[in-house]
Structures are given as structure tokens and as C-alpha cells.
Amino acid sequence: MRNPVDVLLVGVGGQGTILASKVLCAAARSAGYDIKMSEIHGMAQRGGSVVTQVRLGEEVHSPLIEGGKADVILAFEQLEALRLLPYLKKGGAIIVNKQTIAPVPVLAGLAEYPDNILEYISNKAPGSLAIDALDKAVECGNAKAANVVLLGAMARSMPIDREIWEQALEKTVPPKFLEVNKKAFAAGYEAE
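Counting from 1 along the sequence shown, just add 10 to a position and that's the residue number in the numbering used here.
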């Protein structure tokens, strides 16, 4: 078993960040890891930031990830990826959804949504992966499964077997949404 693996999941309210975190925790627990999780909801019901920190390892003492120490950032929205990029350690991996969601200051005309975020992230974190998770989720049957597409993309690089991830989905996702989420997970897992 490795030293703690630190994963930061970032998005905005309504994108399923918490559900994805719960699936990650269920998979890690089934694989025998000790887990600590912390959630921050910044006006999440009004489109604010949602940040979840998940640490897994043989023995984890704190749920908090220090700046510059995250092994993986799973970002559900581009601007949130940019905002939390300082948490990524050198050589860490960032998986980012290509989707953009304008925050309130942009909607109010008080600020502009930054250009070229994916290019900036790619320069700062070589090997980053940008996925059009929303389109893949729609192809699978439900736009709300974009979170699970991203989770699937992250899962293939984690030290947890695919079957364990799929069992974690079965334990965490309501039965009426399970099939579409299984398809979404596979779409992310097999994404290039």
C-alpha cells in the first residue's frame, strides 16, 4: 500500500462533486485503505464552489491537503481547476472537464471569464487530461453523469481495481440511475 494519495475534487454546486467523492471513498474503503474526507461548500446551491479533499492510505491522520501536495485534482469546471491549481504537487495529475460555468461576477458583467484556461493548465501541469465529460455523459443517457465520466478517467490511474470502482457505484448511486452511471464510468475509464 502506498503512502497517502491526496485527491482534490473541485466543481460548482450541482455538478455532483460530493457524489463522486463518496464513490471514491467507497472504492478506497473496499480496497482496504484508511480514508479521510473533508467538504467545503461555498454557496453551492447558488453555483458556488464545492471542494472535497480525499486522502487515502494505510493510515491517514488528517483530511486536509496542503497547498502543492495534491497527487490528483479532478476538476468538474475549468475555472475551478484554475483556482485550485496551486494545490497540485509537481508531477501531479489534473483531469479537467472542458465545461465552463460562468460565476456570478461574470453573469453580472463585473468580470470576464478567463480565456485559454486549458492551455494554461497544460503548460503548468504537463500530462493533464481535458475531457468533454458533459458530451460523454449525454451520449450515455444523462448529462448529470458527467461527474462519473470524470471519476472513471481518474480511476484508471488509481491503485484500485476497476471491479471495486464498479461495486462502489452500485453501493452509492440510486438504482434508477445506476445503468447510466456505469456507462458514464466506462466512458471516462476508456477515454483517451
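Beta carbons are placed, not taken as given, at the ideal position from N, Cα and C, and that holds for glycine.
Residue 103 and residue 185 have their C-alpha atoms roughly 32 Å apart. The region 189-196 makes contact with the region 157-172, as at least three CB pairs between them are under 8 Å. Boundaries of the beta strand (DSSP E) harbouring residue 107: 98-107, taken from the DSSP string. Counting C-beta pairs closer than 8 Å gives three or more between the region 34-42 and the region 176-183, which meets the contact rule. Residue 172 has its alpha-carbon roughly 19 Å from the corresponding atom of residue 44.
For the 8 Å CB-CB criterion, residue 66 and residue 83 do not form a contact. The beta carbon of residue 14 is closer than 6 Å to those of 65, 67, 70 in its chain, skipping five residues each way along the sequence. At a Cβ-Cβ threshold of 8 Å, residue 80 and residue 100 do not count as neighbours. Annotation for residue 66: the continuous beta strand (DSSP E) segment containing it runs 59-67.
For residue 49, the secondary structure class from DSSP, reduced to helix, strand or coil, is strand.
Taken in chain order, the unbroken stretches of beta strand (DSSP E) that lie wholly in the region 105-182 and span 3 residues or more are 139-141. Rounded to the nearest angstrom, the gap between the Cα atoms of residue 47 and residue 24 is 19 Å. Annotated as distal: residue 111 and residue 163, with beta-carbon spacing of 8 Å or more.
Under the criterion of beta carbons closer than 8 Å, residue 49 and residue 28 qualify as touching, at roughly 6 Å. Residue 107 counts as buried, since at least 16 other C-beta atoms from the protein chains shown sit within 10 angstroms of its C-beta. Around the Cβ of residue 77, a 10 Å sphere holds fewer than 16 other Cβ atoms; the residue is exposed. In the displayed model, residue 70 falls within coil according to three-state DSSP, outside both helix and strand.
For residue 198, there is no enclosing beta strand (DSSP E); the residue is part of the alpha helix (DSSP H) that begins and ends at 185-199. Beta-bridge pairing by DSSP links residue 84 to 19, 105. The beta carbon of residue 90 is closer than 7 Å to those of 20, 21, 22, 59 in its chain, skipping five residues each way along the sequence.
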